[in-house]
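Just so we're aligned: the sequence shown equals residues 0 to 408 in numbering that gives the first Met the number 0. Quick notes on the structure that follows.
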Amino acid sequence: MTGGGSRTIREVDVVVSAPGRNYVTLRIETVGGLVGWGDATLNGRELAVASYLRDHLSALLLGKDSARIGDLWQYLYRGPYWRRGPVTMAAISAVDQALWDIQGKAAGMPVFQLLGGRARERLMAYPHASGHTVEDAVASISTKLEQGYAAVRVQASVPGLASTYGIHVGDEAYEPAHTDLPDEESWSTPLYLDFVPKLIAAVRDQLGYGFNLLHDGHHRLTPTEAAWLGKELEPYRMFWLEDVTPAEDQAAFSLIKAHTTTPLAVGEVFNSIWDCQQLITNRWIDYIRCATTHAGGITHMKRILDLADLYGVRSGCHGPSDVSPVGMAANIHLGFAIPNFGVQEFMGYPEETAEVFRASYRLVEGHLEIDEDVPGLGVEVDVEAAARFPYERKYLPVNRRLDGSMHDW
Ligand code: KDG
Ligand code: MG
0 MTGGGSRTIR EVDVVVSAPG RNYVTLRIET VGGLVGWGDA TLNGRELAVA
50 SYLRDHLSAL LLGKDSARIG DLWQYLYRGP YWRRGPVTMA AISAVDQALW
100 DIQGKAAGMP VFQLLGGRAR ERLMAYPHAS GHTVEDAVAS ISTKLEQGYA
150 AVRVQASVPG LASTYGIHVG DEAYEPAHTD LPDEESWSTP LYLDFVPKLI
200 AAVRDQLGYG FNLLHDGHHR LTPTEAAWLG KELEPYRMFW LEDVTPAEDQ
250 AAFSLIKAHT TTPLAVGEVF NSIWDCQQLI TNRWIDYIRC ATTHAGGITH
300 MKRILDLADL YGVRSGCHGP SDVSPVGMAA NIHLGFAIPN FGVQEFMGYP
350 EETAEVFRAS YRLVEGHLEI DEDVPGLGVE VDVEAAARFP YERKYLPVNR
400 RLDGSMHDW
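See the structure below:
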């Protein structure tokens with residue numbers, strides 16, 4: 000399926016840089032000079048995806064017709080025989096995003112127009128609020144509400160544990176991968192389960208019910224523990240409870256769902272529709288969290304979100320700082336076009352990130368807005384600026400129980 004015309008792919012480059020944190024960005028250029036960008040960032044395993052793109056995919060892409068997005072997706076997915084997995088799918092995702100970017104630029108239209116057009120005026124975004132104490136966490140939510148957010152995720156330090164997932168360090172915003180070897184965090188299920196209902200009760204008690212409240216369990220409970228927590232939180236009308244059990248066990252959610260009406264969200268570590276098929280078709284979840292950067296790009300995410308819509312499951316795309324502004328833009332374009340948008344996570348970025356990524360989407364009073372007249376995904380990448388921020392090895396933490404044994408992080 001070679002090209003021949005101006006849409007033929009003539010150059011494929013991978014930009015690895017660390018403007019505030021590590022990003023892997025794919026650049027595809029056509030014979031006619033159109034440039035598309037894709038996000039291939041896989042936090043803590045960045046160079047594996049960079050190599051997959053450079054050493055295995057670029058030769059397959061050169062000379063191909065960039066307009067045949069669906070066929071190229073199938074070629075890269077079915078072609079290697081070894082399907083799925085986070086490295087392969089992050090690489091395919093980046094190619095797919097870059098091709099949609101080019102498609103939009105060739106048409107002179109933003110990608111959301113190609114996906115069916117605008118379905119809403121703006122996207123509700125949610126940021127991270129956190130605190131070392133319940134009081135700090137409540138104050139942190141208040142600040143976000145003052146900024147206009149209608150939805151906020153809350154995490155707070157669990158008393159008795161040396162460290163807790165999702166809490167900012169000093170004045171620095173929370174950043175999951177921050178050490179050149181994995182940090183060791185500590186975990187106790189009894190301490191966590193004792194604390195979280197108190198945290199959520201205090202938040203509702205002090206700030207009321209006039210905003211959407213989210214909490215991330217980060218894959219640490221058993222199905223029974225998760226069901227118990229969901230029931231405990233029912234009076235506080237959460238928007239969602241996220242990642243309560245390790246995500247690979249889809250059937251675990253049948254037990255949790257049978258016991259609680261607290262809405263459940265999962266999927267940020269998924270990389271294909273097969274990871275969510277049972278969850279969606281059995282209505283075991285309420286929100287699907289896959290990110291365009293990790294679950295096969297716009298082409299595959301559209302299929303996941305369309306399947307989800309059939310079963311009343313809404314989107315809640317993963318949007319941490321480790322999804323680059325290019326991947327964030329891809330999430331946002333989908334969010335504007337699909338009927339079943341739920342919420343878009345928007346954790347924010349280190350300051351330096353904006354020196355490399357010039358994004359045209361805007362965060363206005365806690366909601367994401369997008370222009371009609373910027374073609375493609377609307378993010379340009381300054382390669383010279385990227386060179387000023389060389390890659391630095393960074394790992395996510397690991398988690399140990401109080402007896403020293405490994406737990407899920
Ligand atoms: O790379 C890991 C982070 O993206 C993850 O820990 C963030 O759980 C997360 C979230 O909900 O944003
Ligand atoms: Mg999460």
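All C-beta atoms in this analysis are idealised placements derived from N, C-alpha and C, irrespective of residue type, glycine included.
Practice task
Run the proximity test for Asp274: is its beta-carbon closer than 8 angstroms to any non-hydrogen atom belonging to ligand 2?
Solution key: Indexing the sequence shown from 1 puts residue 274 at position 275. It does not: the Cβ of Asp274 is nowhere closer than 8 angstroms to a heavy atom of ligand 2.
Problem - Closest Cα partner of Gly62 within the set Val86, Tyr76, Ile27, Ala90 - result: Here residue 62 is taken as the residue at index 63 of the sequence shown, counted from 1. Of the listed residues, the one whose Cα sits closest to Gly62 is Ile27.
Exercise for the section: Given a cut-off of 9 angstroms, decide if Arg399 and Ser156 are closer than it, judged by their beta-carbon atoms. Expected result: Taking the first residue of the sequence shown as 1, we reach residue 156 at position 157. Taking the first residue of the sequence shown as 1, we reach residue 399 at position 400. Result no, Cβ atoms of Ser156 and Arg399 do not sit closer than 9 angstroms.
Exercise for the section: For Gln276, count neighbouring C-beta atoms within 10 Å of its own C-beta (all shown protein chains included) and say buried if the count is 16 or more, exposed if not. Expected result: By one-based count along the sequence shown, residue 276 stands at place 277. Burial call: exposed.
Exercise for the section: Could you tell me whether the Cβ atoms of Ser16 and Ala353 are closer together than 9 angstroms? Expected result: Here residue 16 refers to the residue found at position 17 when the sequence shown is read from its first residue. Here residue 353 refers to the residue found at position 354 when the sequence shown is read from its first residue. Not closer than 9 angstroms, so no.
Handout entry: Residues that Asp215 bridges to, as DSSP identifies them
Key = Position 216 of the sequence shown, counted from the first residue, corresponds to residue 215. Looking at the DSSP assignment, Asp215 forms a beta bridge with Glu241.
Problem - Tyr22 versus Tyr80: straight-line alpha-carbon distance, rounded - result: The count along the sequence shown starts at 1 and reaches residue 22 at position 23. The count along the sequence shown starts at 1 and reaches residue 80 at position 81. Those two C-alpha atoms are separated by around 27 angstroms.
Handout entry: heavy atom of ligand 1 below 8 angstroms from Arg152 C-beta
Key = If you number the sequence shown from 1, residue 152 lands on position 153. Checking every heavy atom of ligand 1 against the Cβ of Arg152, one is found closer than 8 angstroms.
Exercise for the section: May I ask which residues mark the beginning and end of the alpha helix (DSSP H) holding Ala329? Expected result: Against the sequence shown, residue 329 aligns to sequence position 330. Unbroken alpha helix (DSSP H) run through Ala329: 324 to 336.
Practice task
Take Leu25 as the anchor and find which of Ala66, Gln73, Asp95 has the nearest alpha-carbon.
Solution key: On the sequence shown, residue 25 is found 26 positions in, with the first residue counted as 1. Comparing Cα positions, the closest option is Asp95.
Problem - Heavy atom of ligand 2 within 8 angstroms of Glu28 beta-carbon - result: As a first step, residue 28 is located in the sequence shown; it is residue number 29 there, counting from the start. Result no, Cβ not under 8 angstroms from ligand 2.
Practice task
With a threshold of 8 angstroms, establish whether the CB of His317 neighbours any heavy atom of ligand 2.
Solution key: The residue given as residue 317 occupies position 318 in the sequence shown. Within the cutoff, so yes.
Practice task
Take the Cβ of Gly32 as the centre, count every other Cβ of all protein chains shown within 10 Å, and call the residue buried at 16 or more, exposed below.
Solution key: Position 33 of the sequence shown holds residue 32. Label assigned to Gly32: exposed.
Handout entry: beta strand (DSSP E) segments (min. 3 residues) lying fully within the segment 268 to 300
Key = none
Practice task
Could you name the residues of the same chain whose beta carbon sits closer than 6 angstroms to that of Gly147, not counting the 5 residues immediately before and after it, in chain order?
Solution key: Along the sequence shown, one-based indexing puts residue 147 at 148. So the qualifying residues of the chain are Glu364, Gly365.
Problem - Alpha carbon of Pro18 to alpha carbon of Val243, nearest angstrom - result: Numbered from 1 along the sequence shown, position 19 holds the residue referred to as residue 18. Numbered from 1 along the sequence shown, position 244 holds the residue referred to as residue 243. Roughly 32 angstroms between the two C-alpha positions.
Practice task
May I ask you to check if the CB of Leu263 is nearer than 8 angstroms to at least one heavy atom of ligand 3?
Solution key: Absent from the structure shown: ligand 3. Ligands present: ligand 1 and ligand 2.
Handout entry: C-beta atoms of Ser65 and Thr7 nearer than 9 angstroms
Key = Within the sequence shown, numbered from 1, the residue matching residue 65 stands at position 66. Within the sequence shown, numbered from 1, the residue matching residue 7 stands at position 8. Yes; because the gap between Cβ atoms is below 9 angstroms, this pair is in contact.
Problem - Distance between beta carbons of Val373 and Pro158, contact taken as under 8 angstroms - result: Looking up residue 158 in the sequence shown gives position 159. Looking up residue 373 in the sequence shown gives position 374. Their Cβ separation, rounded to whole angstroms, is 48 angstroms, which puts Pro158 and Val373 out of contact at 8 angstroms.
Handout entry: Buried versus exposed, by CB contacts within 10 Å (16 or more), Asp204
Key = Taking the first residue of the sequence shown as 1, we reach residue 204 at position 205. Burial call: exposed.
Exercise for the section: Provide the residue(s) that pair with Tyr235 in DSSP beta bridges, ordered along the chain. Expected result: As a working note, residue 235 is residue 236 in the sequence shown. DSSP, once it has assigned bridges, lists no residue as partnering Tyr235.
Exercise for the section: With a 10 Å radius around its C-beta and 16 neighbouring C-beta atoms as the bar for buried, classify Asp321 as buried or exposed. Expected result: The residue you call residue 321 lines up with position 322 of the sequence shown. Its Cβ being crowded by 16 or more others within 10 Å, Asp321 is buried.
Practice task
Note down the Cα distance separating Ile369 from His332, rounded to an integer number of angstroms.
Solution key: Position 370 of the sequence shown, counting from 1, holds the residue named residue 369. Position 333 of the sequence shown, counting from 1, holds the residue named residue 332. Each residue's alpha carbon lies about 8 angstroms from the other.
Exercise for the section: Specify the secondary structure class of Thr259 as computed by DSSP and reduced to three states. Expected result: Taking the sequence shown and counting its residues from 1, one reaches residue 259 at position 260. Reduced to three states, the DSSP call for Thr259 is coil.
Practice task
Go through its chain and collect everything with a Cβ distance to Val253's Cβ below 6 angstroms, but skip five positions before and after it.
Solution key: Numbered from its first residue, the sequence shown carries residue 253 at position 254. One point to set straight first is that residue 253 is Ser, not Val, in the sequence displayed. Around Ser253: Trp283.
Exercise for the section: Give a yes or no on contact between the segment 220 to 236 and the segment 158 to 171, applying the rule of three or more CB pairs nearer than 8 angstroms. Expected result: no
Exercise for the section: Kindly list the residues whose CB is nearer than 8 angstroms to the CB of Leu60, restricted to its own chain and excluding five residues on each side of it in sequence; keep chain order. Expected result: Position 61 of the sequence shown holds residue 60. Cβ neighbours of Leu60 beyond the five flanking positions: Ile8, Val11, Ile27, Leu71, Val94.
Exercise for the section: Could you tell me which residues DSSP pairs with Glu183 in its beta bridges? Expected result: Taking the sequence shown and counting its residues from 1, the one referred to as residue 183 is at position 184. Val397.
Handout entry: Identity of the residue in Tyr394, Lys230, Phe269, His258 nearest Asp248 by Cα
Key = As a first step, residue 248 is located in the sequence shown; it is residue number 249 there, counting from the start. Checking every option, the nearest Cα to that of Asp248 belongs to Phe269.
Problem - The beta strand (DSSP E) enclosing Trp36, as first and last residue numbers - result: As a working mapping, residue 36 is identified with position 37 in the sequence shown. It spans 34 to 38 - the beta strand (DSSP E) in which Trp36 sits, taken as one unbroken run.
Practice task
Would you mind listing the beta strand (DSSP E) stretches within the segment 83 to 134 that are 3+ residues and don't spill past its ends, in chain order?
Solution key: 122 to 125, 127 to 130
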